[in-house]
Amino acid sequence: MSARIDSPRLKDLIRLLAELRGLYAELFAVLGEKLAAMRGADFERMHALTQREAALTQRLSERDGFRRQLLDAIARPLGMTSRAGRSLTIAQVAAHATGRQRAELLAAADELRRSVFEVAQANRVAGAVSRSMLHHLQWVFASVQPRTEEAFVYSNGGAVPVRHDVQILDAVG
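In this text, residue positions in the sequence shown follow my numbering: the first is 4, and each later residue adds one.
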């Protein structure tokens, strides 16, 4: 497979990788703002940021679909079957590029990789903060529920079980 990739498609791929990196950078900023809103318990701001986050992830999904189509188009002149380009790595594509474009492609891919890693880290932090907040709120609500005269026990989840004094009439038999 010594075929070379045509320059316009490779330029499109490099531009697309840069666009994806920009979207991930924007998503990273939104996640940072969302964490700040969580710390400040600003629920309206959290809701607005969640909507912005959803719009960005939708846009990322659309652009990733275009990336798959572009890789399919790049793979055809290389003798690959339809949809086989989707499984190509950037290193495999770069192996068929000329020197300057190879360097640009690898640099764009490296920048995108760093942005994706930052977003993944921010998502892990936001998930940990959310779990911590939910755990705290479970304990707050458990502590303000009415106490019973019975023995104090904990459920499997560590919370005080709620007992309801509801009796069901068995009318069947």
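Even glycine gets a Cβ: it sits at the ideal position worked out from N, Cα and C.
Check                                                                                                                                                        : Outcome
Using a Cβ-Cβ cut-off of 7 Å, state whether R70 counts as contacting chain C.                                                                                : The chain inventory of the structure shown lacks chain C, comprising one protein chain alone.
Taking three-plus beta-carbon pairs below 8 Å as touching, is the segment 15-29 in contact with the segment 103-113?                                         : yes
Rounded to whole angstroms, what is the Cα-Cα separation between I8 and L34?                                                                                 : 37 Å
Can you have a look at R117 and say buried or exposed, based on whether 16 or more other CB atoms are within 10 angstroms of its CB?                         : exposed
Quick check on I8: does DSSP put it in helix, strand or coil?                                                                                                : coil
Keeping to the same chain, check which residues put their C-beta closer than 8 Å to that of M41; ignore five residues upstream and five downstream.          : M49, A129, V132, S133, M136
Ignoring anything shorter than 4 residues or poking outside the segment 28-113, list the alpha helix (DSSP H) runs there in chain order.                     : 46-78, 93-97
For A87, which residues of its own chain have a beta-carbon under 8 Å away from its beta-carbon, when the five flanking residues on both sides are left out? : D75, A78
Could you check whether L13 and L115 sit closer than 7 Å to each other, using their CB atoms as the reference points?                                        : no
What's the gap between the Cα of G102 and the Cα of A51?                                                                                                     : 45 Å
For a test of the three-state rule: what should DSSP assign to N126, helix, strand or coil?                                                                  : helix
Do F31 and A112 have their beta-carbon atoms positioned less than 7 Å apart in this structure?                                                               : no
According to the neighbour-count rule (16 or more other Cβ atoms, all chains shown, within 10 Å of its Cβ), is T53 buried or exposed?                        : exposed
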